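*Asks:* I am attaching a structure below and will ask some questions about it afterwards.
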Amino acid sequence: MAASPRHRALLALSAAALLTGCGAHGPDYTLATPPPAVGGAPARVPARPGGGAKLLTREPQPSQHDAERLRPVLSGWASAVRRGDVDRASRYFAVPAIVARSRAFELENRDEIRNFNDQLPCGERLVAVRHDGRYVVGTFRLTQRSGHDCTASGQLARVAFVIRGHRFTEWREVPDRPGASPGPAEREPAPPLGQQVA
């Protein structure tokens, strides 16, 4: 039975579509290397004023379980300060480390870290720990310390720590007022301890 003109036209269109989609010689089964991925470079931020750049890393957010797990680290540091064992207290700090009382400074070497621990006026006894953002916050009862004048003995004080590998990379005195923040949400640039600040 002969194909109708309409049927012949549909067959011709189908053949043309197949040839166009597959090429004149059929499908192309050769493998081709995909183009290289395109993306932005990792974000970089200054490591410190005037310093080089470093990769921006996300700050860890310790849980209450993490805070409890790190309790012996805070307690060990406080015990060393209370006994006047400055060398042992200093070993709990990373180099460099940021410390903040009225303002933040960066301690750049072991001597500066040792002097910082030696100049703390009071001993400390850990009574509680909690997590707060990127910090582990220790509540301490202040005690007398041999060779120092502690005028706040018996009072409570809070210190916020950022801890990496059981070393303090940040030590921040928390202001004694309700709802006081333990510190900035991200690590801030801090001048070296010896640098004059206007």
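According to the numbering used here, the sequence shown is numbered sequentially starting from 2.
For every residue, glycine included, the Cβ atom is placed at its ideal position computed from N, Cα and C.
In this text, all values refer to a predicted model and were calculated from it rather than measured experimentally.
Which of the three DSSP states is assigned to Leu71 in this structure?
*Replies:* If DSSP states are grouped into helix, strand and coil, Leu71 belongs with coil.
*Asks:* Would the stretch 144-153 count as touching the stretch 162-181 if we require 3 or more Cβ pairs under 8 Å?
*Replies:* No: fewer than three Cβ pairs fall under 8 Å.
*Asks:* Near Arg200, what residues of its chain come up, given a Cβ to Cβ distance below 8 Å and the 5 sequence neighbours on each side ignored?
*Replies:* Beyond the ends of the chain as shown, which are 2 and 199, falls residue 200; an answer cannot be given.
*Asks:* Which first and last residues belong to the beta strand (DSSP E) in which Asp119 is found?
*Replies:* No beta strand (DSSP E) holds Asp119; the alpha helix (DSSP H) holding it covers Arg111 to Gln120.
*Asks:* Name the residue from Val96, Ala95, Val130 and Ala158 whose alpha carbon lies nearest to the alpha carbon of Leu121.
*Replies:* When each option's Cα is compared against that of Leu121, the closest is Ala158.
*Asks:* In terms of DSSP beta bridges, what is Trp172 paired with?
*Replies:* DSSP output for Trp172 lists Val100 and Phe162 as bridge partner(s).
*Asks:* Pull up the distance between the alpha-carbon of Ala101 and that of Pro183, whole angstroms please.
*Replies:* The alpha-carbon atoms of Ala101 and Pro183 are separated by roughly 10 Å.
*Asks:* How many angstroms separate the CA atom of Leu108 from the CA atom of Ala153?
*Replies:* Looking at the two C-alpha atoms, the distance is approximately 25 Å.
*Asks:* Just mark Ala68 as buried or exposed, buried being the case when its beta carbon has 16 or more other beta carbons within 10 Å.
*Replies:* By the neighbour-count rule (16 or more Cβ atoms within 10 Å), Ala68 is buried.
*Asks:* With DSSP as the reference, label His66 as helix, strand or coil.
*Replies:* DSSP places His66 in helix when its eight states are reduced to three.
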